[in-house]
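Engineer: Take the sequence shown: its letters are residues 19 to 154, numbered as in my numbering.
We put the CB at the ideal spot given by N, CA and C, even for glycine.
Have a look at this one before I ask anything.
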Amino acid sequence: TSGGKNISPGNIEADLMNLPLVEHAVVIGDSRHYLSVLLTLKPDVLQAFARQHQLPGGPVDWARSTAVHEELQRGIDAINARQARVAHVRKFSVLESAFTIDNGCLTPTQKIRRNVVQRQYAEEIEALYREDTRAS
């Protein structure tokens, strides 16, 4: 973080990827005042969630829905409760496209290429911090 705290994102990302809806998670926080995360969702779980909650539309609509965001926030809140305050995820963004080998976000062994993700989704990352008007 910008406060000089070194946070290892691996454990937080693993906890996030244990949430039923989450396929991939990339924690952002280097030189930032707080942690945020980019999430991709599991299509099959998202579809089941949408059906269970009678959400209209398709996958993009479902991913943007209040119900999905509230479910993700509940999971993040539970993870935050087990972390030191400096390691709390404050904001998240659900990405519309999956991380794949073809788009360069995953290695052939399915590991996330953090630098590629941060470059490809720089605008989404900046939006997570631009919306913060509180003084730190």
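What ranges does the alpha helix (DSSP H) occupy inside the region 62-135, keeping only unbroken runs of at least 4 residues that lie completely in it?
Structural biologist: 77-82, 84-99
Engineer: According to DSSP, is Ile25 part of a helix, a strand, or is it coil?
Structural biologist: The answer is coil: DSSP assigns Ile25 none of H, G, I, E or B.
Engineer: According to DSSP, is Leu39 part of a helix, a strand, or is it coil?
Structural biologist: Reduced to three states, the DSSP call for Leu39 is coil.
Engineer: For the beta strand (DSSP E) that Ser15 lies in, which residues bound it at each end?
Structural biologist: This structure cannot speak to residue 15, because the chain is shown only from 19 to 154.
Engineer: Along the alpha helix (DSSP H) that carries Tyr147, what are the first and last residues, could you check?
Structural biologist: Looking at the DSSP string, the run of the alpha helix (DSSP H) that includes Tyr147 is 140-148.
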